[in-house]
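These protein sequence lines are chains A and B, in that order. Going by the working numbering, the letters in the first sequence line up with residues 162 to 437, in that order. Going by the working numbering, the letters in the second sequence line up with residues 162 to 437, in that order. We put the beta carbon where it would ideally sit given N, CA and C, even for glycine. In what follows, a single structure is set out as C-alpha cells and then discussed.
There are 2 protein chains.
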Amino acid sequence: MSQSRPKRTVLCVSDHTGVTAEAMAHSLIARFDGIEAHYVTRPFVDDTAKVEALVKEIDEIAAAGLAPIVFSTIIDPELWRRLQRANGLVLDLFEIFIDTLTAEFGVQPSATVGRYHGIGNTTTYQVRLDAVDYALITDDGLGLEHYRDAEVIVIGPSRVGKTPTCLYLAMQYGIRAANFPLTPESLDDHHLPQALQAHTDRLFGLTINPVRLFQIRQKRKPDSSYASLERCGQEVEMAERMYRTNRIQTLDTTALSIEEITATIIENAHLERHLD
Amino acid sequence: MSQSRPKRTVLCVSDHTGVTAEAMAHSLIARFDGIEAHYVTRPFVDDTAKVEALVKEIDEIAAAGLAPIVFSTIIDPELWRRLQRANGLVLDLFEIFIDTLTAEFGVQPSATVGRYHGIGNTTTYQVRLDAVDYALITDDGLGLEHYRDAEVIVIGPSRVGKTPTCLYLAMQYGIRAANFPLTPESLDDHHLPQALQAHTDRLFGLTINPVRLFQIRQKRKPDSSYASLERCGQEVEMAERMYRTNRIQTLDTTALSIEEITATIIENAHLERHLD
Chain A
162 MSQSRPKRTV LCVSDHTGVT AEAMAHSLIA RFDGIEAHYV TRPFVDDTAK
212 VEALVKEIDE IAAAGLAPIV FSTIIDPELW RRLQRANGLV LDLFEIFIDT
262 LTAEFGVQPS ATVGRYHGIG NTTTYQVRLD AVDYALITDD GLGLEHYRDA
312 EVIVIGPSRV GKTPTCLYLA MQYGIRAANF PLTPESLDDH HLPQALQAHT
362 DRLFGLTINP VRLFQIRQKR KPDSSYASLE RCGQEVEMAE RMYRTNRIQT
412 LDTTALSIEE ITATIIENAH LERHLD
Chain B
162 MSQSRPKRTV LCVSDHTGVT AEAMAHSLIA RFDGIEAHYV TRPFVDDTAK
212 VEALVKEIDE IAAAGLAPIV FSTIIDPELW RRLQRANGLV LDLFEIFIDT
262 LTAEFGVQPS ATVGRYHGIG NTTTYQVRLD AVDYALITDD GLGLEHYRDA
312 EVIVIGPSRV GKTPTCLYLA MQYGIRAANF PLTPESLDDH HLPQALQAHT
362 DRLFGLTINP VRLFQIRQKR KPDSSYASLE RCGQEVEMAE RMYRTNRIQT
412 LDTTALSIEE ITATIIENAH LERHLD
C-alpha cells in the first residue's frame with residue numbers, strides 16, 4: 162500500500178455521467194509523478210442545490226487540508242459560475258474547445274448534454290450491446306457456430322487476458338470479439354485446433370511472460386499443477402510456437418493494460434471501431 | 162440510416178491508447194446538433210514517421226472535402242509541432258491544463274505517458290480485473306455463494322440491462338456487482354426470491370417500459386411467448402410490485418445508456434468507485 166503521504170482530492174464533476182471528466186482527470190494527473198490523488202466523481206450535478214452542496218463540500222475539504230483540484234464538464238453557465246467560487250483549482254474541461262468548435266462549425270452548441278454517453282445514437286449504442294452479448298456467448302471457446310460473425314478471435318493460454326479484452330472491445334467499440342482457450346491438449350501437436358482452422362484470417366494470439374502467468378494463476382488456484390511455473394512455461398512456449406508455425410499475429414500482454422491490449426489489437430488486426 | 166449529408170472526419174490522436182481523446186471528442190462534438198462526424202482513432206502515434214504519415218492522411222482528407230477536426234493528446238512537443246502543420250483544426254486537449262496543473266503542483270510534468278490507462282497502478286488495475294471475473298461468475302443468478310462479496314446485486318427481468326451494467330461497473334470502476342434474474346416463477350407470490358433474502362441491503366432493482374422490453378425481446382426471440390407484449394407487461398408489473406413491497410431501490414432503464422445506469426446506481430446505492 163502507499164505511504165501516508167497526504168492525497169490530493171481530485172473531483173470529477175459533471176451534469177451527466179462524469180465519464181469524460183474522469184478520463185481527463187486521470188490522464189492529466191498521471192503526468193505528475195509523486196502526486197497522489199484521491200479521485201471522487203460527482204455526476205448529475207444539474208441544479209443549483211446540487212452545485213451549492215458541492216461547493217460546500219469542496220470548501221470543507223480545503224479547510225481541512227489541501228484545496229481540491231476540480232475538473233468540470235458542467236455545461237450550464239450559471240452552475241459553472243457558482244462552482245468556480247469553490248475553494249479549489251476549478252477547471253472547465255469543455256469551454257475553450259467549445260468556443261473554438263463553435264467558430265469552426267459556425268453553429269451554436271446546444272445547451273443540453275449531447276448524445277455520446279446517452280442512447281441518442283441508438284444504432285451505435287445497440288451495436289455495443291449486441292457486441293457484449295456476442296462476447297459472452299463466444300467466451301472461452303463457447304458458441305463456435307457464431308465464429309462466422311466474429312471480427313476477431315482472440316486466442317491464448319488460460320489467464321492471458323482474453324475475456325476482459327473481448328469484453329472491452331465490445332463495450333467500448335462495438336467490436337464482435339470471440340475468444341478461444343489454448344489448452345495443453347489442444348496444443349501438443351503444434352497444429353491449429355480444429356475449431357479455428359476455418360478462421361485463420363481473424364485469429365489474434367496473446368502471450369505473456371511465464372513468471373507473470375504463474376503469479377496470476379497462483380492467485381487463482383494456489384499450488385495446483387495448473388498454476389505451476391513449469392506448466393505455465395510449457396503452455397506459453399507451445400502457444401508461441403503454434404503462433405509462429407501458423408503465422409498468427411501475436412501480442413505480449415505482460416506489461417499491458419486491457420485498454421492497451423485492445424488498442425493494439427484494433428491497430429494490428431485493422432479492425433474498425435464502431436463509434437459513428 | 163442517416164442521410165447522405167457529408168460527415169466531418171474527427172480524428173482522435175494519441176501517443177497512447179486514445180481512450181481519453183475519444184471521450185473528449187465525442188462529448189464535445191455531441192454538443193453540436195446537426196454535425197455528423199466520422200470518428201477515427203490513431204493510437205500509439207509516438208514517432209516522427211507516424212506523425213508525418215498522419216499529417217499526410219489529414220491533408221488528403223482535407224483536399225478531398227472538409228478539413229478534419231483533430232483532437233490530440235500527444236505529449237512530445239516536437240511531434241505536436243509537426244501535427245499542428247496538418248490541414249485541419251488541430252486541438253491539443255492536454256496542454257492548457259498541464260500548464261495550469263504545473264503551476265499548482267509546483268512540479269514539472271513527466272515527458273512520458275502516465276499510469277492511467279497503463280498498469281502502473283497495479284493494485285487498482287487488479288481490482289478492476291478481479292471485478293470482471295466476479296461479474297462473470299455471478300452473472301444471471303450464478304454463483305450465489307459469492308453474494309457475500311457483492312457490493313451491489315442488480316436484479317430485474319430478463320433483458321432489462323443487468324449484465325452489461327454489472328460488467329461496466331466492474332471494468333470501469335472495479336465494483337463487484339452480481340446480477341440475478343427475476344423470472345415469472347420467482348415473482349408470482351410477490352416475495353423476494355429466497356436467494357436474495359439475506360442480501361436486502363445491497364439489492365438494486367431495474368425496470369423498463371414494457372413496450373421497450375417487448376422490442377428488445379422480439380429482436381432476440383421473435384414471436385416467442387417470452388417476447389410477447391403481455392408477458393413483458395406482466396413481468397415488469399410483478400417486478401415493480403416486488404420492489405415496492407420490499408422497499409428496493411429502483412431505476413427505469415428505458416431511456417438510459419449503460420454509463421447512465423451505472424452512474425445512477427453508484428450514486429443511489431452509495432457505492433465507491435475504486436479508482437485510486
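Confirm, please, whether the CB-CB distance from B/A311 to B/R289 is below 8 Å.
-> Cβ distance not < 8 Å, so B/R289 and B/A311 don't count as in contact.
In terms of alpha-carbon separation, which member of B/A224, B/I236, B/L367 and B/G302 lies closest to B/L127? Past the edges of chain B, shown from 162 to 437, lies residue 127 of chain B, and the structure says nothing about it.
* To do: Inspect the CB distances between the region 377 to 384 of chain A and the region 291 to 307 of chain A and report whether three or more fall short of 8 Å.
  => Not touching, per the Cβ criterion.
* **Sub-8 Å separation of B/I369 and B/D413 beta-carbons** => Closer than 8 Å, so yes.
Consider the Cβ of A/L436: report whether some Cβ of chain B lies at a distance smaller than 8 Å. It does: the Cβ of A/L436 has a partner Cβ on chain B nearer than 8 Å.
For A/L436 and B/I419, I'd like the C-alpha separation in whole angstroms. In a straight line, the C-alpha of A/L436 is about 15 Å away from that of B/I419.
What residue range is occupied by the uninterrupted alpha helix (DSSP H) comprising A/H199?
Segment A198 to R203 is the beta strand (DSSP E) holding A/H199; no alpha helix (DSSP H) there.
Need the endpoints of the beta strand (DSSP E) that B/R354 sits in, please.
According to the sequence provided, residue 354 of chain B is Pro. The question's Arg does not apply to it. Neither: B/P354 is in no beta strand (DSSP E) and is coded neither H nor E.
Original post:
Which residues in the same chain as B/E221 place their Cβ atom closer than 8 Å to its Cβ, once the five residues preceding and following it in sequence are excluded?
Top reply: So no residue of the chain qualifies.
- Item | Contact set between the region 251 to 268 of chain B and chain A, restricted to residues whose Cβ is under 7 Å from the partner | Taken in chain order, the members of the region 251 to 268 of chain B whose beta-carbon sits within less than 7 Å of a beta-carbon on chain A are L252, F255, I257, F258, I259, T261, L262, E265, F266 and V268.
### Query
For A/F266, does the three-state DSSP call read helix, strand or coil?
The answer is helix: DSSP assigns A/F266 an H, G or I state.
Review point. Taking Cβ positions, are A/V216 and A/A186 nearer each other than 8 Å?
Key: The answer is no: Cβ separation not under 8 Å.
*Kindly say whether B/R408, judged by its beta-carbon, lies nearer than 8 Å to any beta-carbon of chain A.*
Chain A places no beta carbon closer than 8 Å to that of B/R408, leaving this residue out of the contacts.
Worksheet item: Is the CB-CB distance between B/C173 and B/T202 below 8 Å?
Response: Yes.
So the candidates are A/G226, A/F193 and A/H177; which of them puts its Cα closest to the Cα of B/E428?
Ranking the options by Cα distance to B/E428, first place goes to A/H177.
At what residues does the beta strand (DSSP E) containing A/R169 begin and finish? Run containing A/R169: R169 to V174, per the beta strand (DSSP E) assignment.
Q) Buried or exposed: where does B/E433 fall if 16 or more other Cβ atoms within 10 Å of its Cβ makes it buried? A) Exposed, because fewer than 16 other Cβ atoms sit within 10 Å of the Cβ of B/E433.
Check: With a cut-off of 8 Å, does the C-beta of A/I196 fall near any C-beta of chain B?
Finding: By this cut-off, A/I196 is an interface position.
Along the region 324 to 344 of chain B, what residues have a CB closer than 8 Å to any CB found in chain A?
If the cut-off is 8 Å between Cβ atoms, the region 324 to 344 of chain B has T324, P325, L328, Y329, M332 and Q333 near chain A.
In the DSSP assignment, find the alpha helix (DSSP H) that holds A/F375 and state where it starts and stops. P371 to R381 is the span of the alpha helix (DSSP H), which, as asked, contains A/F375.
Q) So A/P238 is in the beta strand (DSSP E); what residue range does that whole segment cover? A) Careful: A/P238 lies outside any beta strand (DSSP E), inside the alpha helix (DSSP H) at P238 to Q245.
For this session: Identify whether A/S233 lies in helix, strand or coil by the three-state DSSP scheme.
Result: Three-state result, A/S233: strand.
With a CB to CB cut of under 6 Å and the five nearest residues on each side skipped, what residues in its chain are close to A/P342? Cβ neighbours of A/P342 beyond the five flanking positions: D301, G302 and S319.
- Item | Reduced DSSP secondary structure (H/G/I, E/B, other) of B/E428 | Here B/E428 sits in helix by DSSP.
- Task: Answer yes or no: do A/A296 and A/L328 have a C-beta to C-beta separation smaller than 8 Å?
- Result: Yes, the pair counts as a contact, with Cβ atoms nearer than the cut-off.
Q) Is any beta-carbon of chain B found at less than 8 Å from that of A/P167? A) For A/P167, the nearest beta carbon of chain B is not closer than 8 Å to its own beta carbon.
### Task
Mind listing the chain A neighbours of B/A424? Cutoff is C-beta to C-beta under 9 Å, in chain order.
The answer, in chain order, is S175, H177, T178, G179, V180, T202, P204, F205 and H278.
First and last residue of the uninterrupted beta strand (DSSP E) at A/Y410: Before going further, note that residue 410 of chain A is Gln rather than Tyr in the sequence given. Looking at the DSSP string, the run of the beta strand (DSSP E) that includes A/Q410 is Q410 to D413.
*Host alpha helix (DSSP H) of B/V216 (start-end)*: Here the alpha helix (DSSP H) through B/V216 covers T209 to A225.
Discussion item. Tell me the residue span of the alpha helix (DSSP H) that contains A/P345.
Written reply: That run of the alpha helix (DSSP H) goes P345 to L348.
Thinking C-beta only, is A/V231 closer than 8 Å to A/A198? The answer is no: Cβ separation not under 8 Å.
Note down, in chain order, each residue of its chain lying with its Cβ closer than 6 Å to the Cβ of B/F365, except the 5 sequence neighbours on either side.
-> Apart from sequence neighbours up to five positions away, the residues of its chain that approach B/F365 with a beta-carbon distance below 6 Å are V313, V315, Q410, I426 and A430, ordered along the chain.
Can you give the Cα-Cα distance for A/Y373 and A/T415, rounded to whole angstroms? The sequence given here has Arg at residue 373 of chain A, not Tyr. Those two C-alpha atoms are separated by around 7 Å.
Does the beta-carbon distance from B/P270 to B/I259 come in below 8 Å? Yes; because the gap between Cβ atoms is below 8 Å, this pair is in contact.
Answer yes or no: do A/M403 and A/L353 have a C-beta to C-beta separation smaller than 8 Å?
Yes, they are a contact pair.
>> For a contact defined as C-beta to C-beta under 8 Å, what are the partners of B/V315 on chain A?
In response: Those within 8 Å of B/V315 in chain A number zero; the least Cβ separation is about 15 Å.
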